[in-house]
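For reference, the structure discussed in these notes is given below.
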Amino acid sequence: MVELSGGEIAGIAIAGCWLLYIIISGLLLRFGGKRFAKDSALSQQLRESVLIGHRGSKDEGFPENTILAFKRALDVGVHVIELDVWLTKDKQIVVFHDGTFKRMCGGIDGHVNDLPFAELPPIVPSEDQRKDADGLRIPLFTEVLDLIPDNMGLIVEVKQDSEELNSMIYQLLQKHNRVSNGATCWFSLKKKINNKLQKYKDLPTICSVEELLITYVLYFTCILPFVKVDFQIFGMAADNVDAERIKDELKMLPMWLCRFLNLLIGGRPSKLFMQPKLVDHFLRRGMCCWLLGVNEEVDIDVFPRLHATGALTDRPEWLRNELVKPEHKRKVSTAPAPNFI
1 MVELSGGEIA
11 GIAIAGCWLL
21 YIIISGLLLR
31 FGGKRFAKDS
41 ALSQQLRESV
51 LIGHRGSKDE
61 GFPENTILAF
71 KRALDVGVHV
81 IELDVWLTKD
91 KQIVVFHDGT
101 FKRMCGGIDG
111 HVNDLPFAEL
121 PPIVPSEDQR
131 KDADGLRIPL
141 FTEVLDLIPD
151 NMGLIVEVKQ
161 DSEELNSMIY
171 QLLQKHNRVS
181 NGATCWFSLK
191 KKINNKLQKY
201 KDLPTICSVE
211 ELLITYVLYF
221 TCILPFVKVD
231 FQIFGMAADN
241 VDAERIKDEL
251 KMLPMWLCRF
261 LNLLIGGRPS
271 KLFMQPKLVD
281 HFLRRGMCCW
291 LLGVNEEVDI
301 DVFPRLHATG
311 ALTDRPEWLR
321 NELVKPEHKR
331 KVSTAPAPNF
341 I
């Protein structure tokens with residue numbers, strides 16, 4: 001009979017406990033999650049939304065975040081429209097992505113929140129975009145709310161860290177019955193801002209970049225099944241992830257670390273994000289899982305493989321037409337939602 005030392009017995013006990021923990025965590029990941037579902041503020045409408053227009057119809061001939069782009073998205077038949085908001089110097093909420101005017105307004109210097117609404121420069125379309133004059137200005141948030149049916153899905157990305165802006169957005173959404181009907185969610189890519197948005201319990205949020213990375217850490221360390229998350233929609237990037245993009249999203253990291261992370265998680269789509277079991281777990285929690293940046297043929301194949309419920313795209317008309325093709329229609333498991341599938 002082999003005699004074991006106290007240290008060996010302790011080692012076996014620790015290994016046994018760790019193995020038991022992994023087994024329990026795996027079972028909870030596979031079969032658990034429903035105990036968190038009651039905390040979800042998501043409406044059935046958002047759960048069943050598939051086609052999401054990024055900044056309206058960003059890459060189909062229209063300047064992003066303009067009335068023209070939103071009208072085009074409506075004509076295409078998107079289920080949800082995504083837009084970005086800032087607060088001007090005279091306390092007007094405007095729909096615009098960048099903090100500065102340089103990219104969208106012909107190289108003009110200046111910041112959105114440094115000017116009153118009346119002094120905001122016009123949008124200068126690129127050579128391949130339409131020149132319709134009515135669409136070439138930065139719109140007010142209220143204009144877009146008036147344009148989009150109140151019962152249609154809406155995603156508001158808050159670009160500015162301002163409690164005043166958060167409150168103003170919430171009040172406008174209430175006025176348009178967008179809080180009580182569950183048709184709207186909001187978020188920020190910055191966790192600091194997202195934390196403030198999550199205080200409004202009746203408006204669901206999408207995860208920030210930091211929350212996304214924390215989720216994957218919790219997942220790979222088998223802790224996630226025991227943890228409640230504060231967001232209701234899990235957004236995963238479908239487009240290319242490289243060192244430059246990691247640096248852009250996580251500016252505090254040194255470039256050498258961004259290059260190292262790129263080796264681990266880079267690619268199109270990111271190797272980190274291809275975790276269908278994680279998506280299934282969140283779906284059992286009653287959450288949505290959206291694939292962000294579905295703009296190429298390769299992304300469509302990722303969509304069903306990942307078990308995502310919705311796809312955010314810069315090209316909504318293209319994606320709609322692709323999803324109705326037989327080879328893709330068979331793959332998309334979330335087909336009950338869209339009326340065009």
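Mapping the sequence shown onto UniProt numbering, position 173 (from 1) lands on 173, and the numbers just tick up by one.
Where is the CB? At the ideal position from N, CA and C, for every residue including glycine.
query, result
"Taking the Cβ atom as the reference point for each residue, do Leu323 and Leu74 lie within a distance shorter than 9 Å?", "no"
"Would you mind working out which of Ile265, Val227, Glu143 and Phe226 sits nearest Glu244, comparing C-alpha positions?", "Ile265"
"Lys38 to Met236, Cα distance in whole Å?", "Summary for Lys38: the model assigns pLDDT 44, below 50, so the residue's position carries little reliability; its value from the coordinates is reported in the next sentence. Cα-Cα distance, rounded: 23 Å."
"Compare the Cα-Cα distances from Lys91 to each of His97, Asp114 and Gly77 and report the closest residue.", "Asp114"
"For Cys185, which option in Ser49, Glu327, Pro326 and Lys325 has the closest C-alpha, if you only look at C-alpha atoms?", "Ser49"
"Is Phe187 helix, strand or coil by DSSP?", "strand"
"Cutting at 7 Å between CB atoms, please list the residues of its own chain near Ile108, excluding the five before and the five after it.", "Phe101, Lys102 and Pro121"
"How would you call Ala118, buried or exposed, if buried means at least 16 neighbouring beta carbons within 10 angstroms?", "exposed"
"Count the other C-beta atoms from every protein chain shown that fall within 10 angstroms of the C-beta of Phe226, then say buried if there are 16 or more, exposed otherwise.", "exposed"
"Would Lys58 and Asp239 be called neighbours here (beta carbons separated by less than 9 Å)?", "no"
"Since Pro204 and Ile233 should fall inside the 8 Å C-beta cutoff, what is the C-beta to C-beta distance between them, to a whole number of angstroms?", "6 Å"
"Let me make sure I understand the geometry here. Which of Lys277, Gly110, Asp150 and Leu189 has the alpha-carbon closest to that of Lys251?", "Leu189"
"Less than 7 Å between C-beta atoms, sequence neighbours within five positions excluded: which residues of the same chain meet that for Phe303?", "Leu291, Val294, Ala311 and Val332"
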